[in-house]
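Participant: Take the sequence shown: its letter number 217 is residue 217 in the UniProt record's numbering, and every next letter is one higher.
For reference, the structure I am asking about is given below.
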Amino acid sequence: MNNWKPRVSMGIPVYNGENFLREVLDSLLAQTFEDFELIISDNASSDRTEEICRSYAAKDKRIRYHRQEINRGPAWNFNRVFELAQGEYFKWVAHDDIYAPEFLAKCVEVLDRDDSVVLCYAKTKFIDSEGKILKEYDYQIATDSPQPAERYRSLVLVNHRKHAAVEIFGLIRSDALKKTPLLGYYARGDSVLLVRLSLLGRFYEIPEYLFFNRDHSQRSVKEKQVQIARGRTIVAKFLGMGPLPPTEWFDPSRKGKIDFPEWRLFYEYFISVKSFPLAVKEQISCYLYLGYWLFKNWMKLVRDLLIAAEQLVRASYKAQKIIEISLEKRF
Numbered sequence: 001m002n003n004w005k006p007r008v009s010m011g012i013p014v015y016n017g018e019n020f021l022r023e024v025l026d027s028l029l030a031q032t033f034e035d036f037e038l039i040i041s042d043n044a045s046s047d048r049t050e051e052i053c054r055s056y057a058a059k060d061k062r063i064r065y066h067r068q069e070i071n072r073g074p075a076w077n078f079n080r081v082f083e084l085a086q087g088e089y090f091k092w093v094a095h096d097d098i099y100a101p102e103f104l105a106k107c108v109e110v111l112d113r114d115d116s117v118v119l120c121y122a123k124t125k126f127i128d129s130e131g132k133i134l135k136e137y138d139y140q141i142a143t144d145s146p147q148p149a150e151r152y153r154s155l156v157l158v159n160h161r162k163h164a165a166v167e168i169f170g171l172i173r174s175d176a177l178k179k180t181p182l183l184g185y186y187a188r189g190d191s192v193l194l195v196r197l198s199l200l201g202r203f204y205e206i207p208e209y210l211f212f213n214r215d216h217s218q219r220s221v222k223e224k225q226v227q228i229a230r231g232r233t234i235v236a237k238f239l240g241m242g243p244l245p246p247t248e249w250f251d252p253s254r255k256g257k258i259d260f261p262e263w264r265l266f267y268e269y270f271i272s273v274k275s276f277p278l279a280v281k282e283q284i285s286c287y288l289y290l291g292y293w294l295f296k297n298w299m300k301l302v303r304d305l306l307i308a309a310e311q312l313v314r315a316s317y318k319a320q321k322i323i324e325i326s327l328e329k330r331f
């Protein structure tokens, strides 16, 4: 019986990732820190993803490959790899990114040295489909502050157009992740998870470019498509704002159901404050920052309501037409 328990678990949730999968696997297997397991959860890929994964798993016993019979959505798949993890530390890996060989070693060193740090990540560069550097990513956040409310503020009030939430691909204490609901099945679930982790402890950024986040034409194609489709509503066109992707992209079981993604984001930020033991002063500060978020985003919340109302009207009109057609056929 193999009782080996790795110090680090890494999880790759993947769907149709044949184009870049070999590159990320090679960069992970080249890590100077070798005491890790690599868990791959394949969301019913229809390309050569399964073939690639099984060939790598056959060569390295640290790799465990799991295939789903149906596509359960990206959020479920992200959470699944953590549920299968055994390590003291955990890291999510996108199938199209690349890591410097010393990434893991330097992150482990930080977490081993400082118990107040719950998440360690490295400076990031964006690369294209060929691996060429596009730009350096430099978004300053105060997640290294000793004050939970300050960490909360820096993540809740970020400019989401500029903040890419790359910290989610850092090395995280598994015990801290277990205290959260993991990745939510809704838009910006990664941002909410970062907020919750920040209330549990500090983040630390390694001041070296060790993470290469790939930006390419095939990235999150489905998300862009549903966002465009949802943005074609009369309300969105009139207000001139592109709404968040609907929940159905993150949770396929919600397909066709009306949702309120901006309200959901506010709700998750709100309950996060009560989810962890914070001093009263820190709680009050967090709620004040969230109040400012409301002030900045009230129009988006109104837009959610208007889009939902428009969807109800359209659904009612469609149902009425179906009834009329059915009656005409009957009589």
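Ideal Cβ placement from N, Cα and C applies to all residues, glycine included.
(1) Can you list, in chain order, the stretches of the alpha helix (DSSP H) that have 4 or more residues and sit fully within the UniProt domain "Glycosyltransferase 2-like" (11 to 146)?
(2) Per DSSP, what are the beta-bridge partners of residue 174 in this structure?
(3) Is it the case that the Cβ atoms of residue 353 and residue 202 are separated by a distance below 9 Å?
(4) Below 8 Å on the Cβ atoms is my contact criterion, and I expect residue 123 with residue 208 to pass it. Report the Cβ-Cβ distance as a whole number of Å.
(5) Please classify residue 17 as buried or exposed, where buried requires at least 16 other C-beta atoms within 10 Å of its C-beta.
(6) Name the residue from 27, 304, 128, 66 whose alpha carbon lies nearest to the alpha carbon of residue 44.
(7) Classify residue 181 as helix, strand or coil using the three-state DSSP reduction.
(8) Grab me the residues of residue 262's own chain with a C-beta within less than 6 Å of its C-beta, minus the 5 sequence neighbours each way, in chain order.
(9) Using 10 angstroms around the beta-carbon of residue 292, count the other beta-carbons present and answer buried if the total reaches 16, otherwise exposed.
(10) Just verifying my parser: in three-state terms, what is the DSSP assignment at residue 297?
(11) Residue range of the alpha helix (DSSP H) that residue 266 falls in?
(12) Between 100, 94, 6, 309, which has its C-alpha nearest residue 62's C-alpha?
(13) Kindly list the residues whose CB is nearer than 6 Å to the CB of residue 280, restricted to its own chain and excluding five residues on each side of it in sequence; keep chain order.
(14) Looking only at its own chain, which residues have a Cβ that is under 7 Å from the Cβ of residue 133, when we skip the five neighbours before and after it?
(15) DSSP puts residue 214 in a beta bridge; with which residues?
(16) Does the beta-carbon of residue 277 have 16 or more other beta-carbons within 10 angstroms, so that it is buried, or is it exposed?
(17) Quick check on residue 8: does DSSP put it in helix, strand or coil?
(18) Using 8 Å as the threshold, is the stretch 98 to 114 in touch with the stretch 171 to 186, meaning 3 or more CB pairs across them?
(19) To which residues of the same chain is residue 221 closer than 6 Å at the C-beta, ignoring the five residues directly before and after it?
(20) How long is the line joining the alpha carbons of residue 9 and residue 35, rounded to whole angstroms?
(21) Do the CB positions of residue 285 and residue 188 come within less than 9 Å of each other?
(22) Assuming residue 60 and residue 50 make a contact with CB atoms under 8 Å, what is their CB distance in whole Å?
(23) Leaving out five residues before and five after residue 186 in sequence, what residues of the same chain have Cβ atoms less than 7 Å from its Cβ?
(24) For residue 136, which residues in the same chain have their Cβ closer than 6 Å to its Cβ, ignoring the five residues on either side in sequence?
(25) Using a Cβ-Cβ cut-off of 8 Å (strictly less than) and excluding sequence neighbours within five positions of residue 215, which residues of its own chain qualify?
(26) Rounded to the nearest angstrom, how far is the Cβ of residue 210 from that of residue 103, given a contact under 8 Å?
(27) Just confirm the distance between the C-beta atoms of residue 120 and residue 206, as a whole number of angstroms; I'd bet it's less than 8 Å.
(28) For residue 198 versus residue 143, is the C-beta spacing smaller than 9 Å?
(29) Output needed for residue 225: all residues of its chain with C-beta closer than 8 Å, excluding positions within five of it in sequence on either side, in chain order.
(30) Once DSSP output is grouped into helix, strand and coil, what is the label at residue 258?
Facilitator: In short:
(1) 21 to 29, 49 to 59, 74 to 83, 103 to 113
(2) Beta-bridge partners assigned by DSSP to residue 174: none are found.
(3) With the chain covering only 1 through 331, there is no way to say anything about residue 353.
(4) Contact between residue 123 and residue 208 holds: CB atoms are separated by about 6 Å, below the 8 Å threshold.
(5) Residue burial annotation: residue 17 is buried, with at least 16 other C-beta atoms found within 10 angstroms of its C-beta.
(6) Comparing Cα positions, the closest option is 66.
(7) coil
(8) 300, 301, 304
(9) exposed
(10) Correct three-state label for residue 297: helix.
(11) 261 to 275
(12) 6
(13) none
(14) In chain order, 125, 127 place their CB closer than 7 Å to the CB of residue 133, counting only its own chain and leaving out the 5 sequence neighbours on each side.
(15) 127
(16) exposed
(17) strand
(18) yes
(19) Summary for residue 221: the model assigns pLDDT 44, below 50, so the residue's position carries little reliability; its value from the coordinates is reported in the next sentence. For residue 221, where only same-chain residues beyond five positions count, there are no Cβ hits under 6 Å.
(20) About 9 Å.
(21) no
(22) Going by Cβ atoms, the distance from residue 60 to residue 50 rounds to 16 Å, so no, they are not a contact pair.
(23) If you ignore the 5 residues before and after residue 186, its C-beta comes within less than 7 Å of the C-beta of 247, 250, 261, 264, all in its own chain and listed in chain order.
(24) 125
(25) 126, 127, 128, 134
(26) 4 Å
(27) 7 Å
(28) yes
(29) Residue placement at residue 225 is poorly supported in this model, since its pLDDT is 47, which falls under 50; the coordinates still yield a value, given next. Listed in chain order, the non-local C-beta contacts of residue 225 below 8 Å within the same chain number zero, local neighbours out to five positions each way being set aside.
(30) coil
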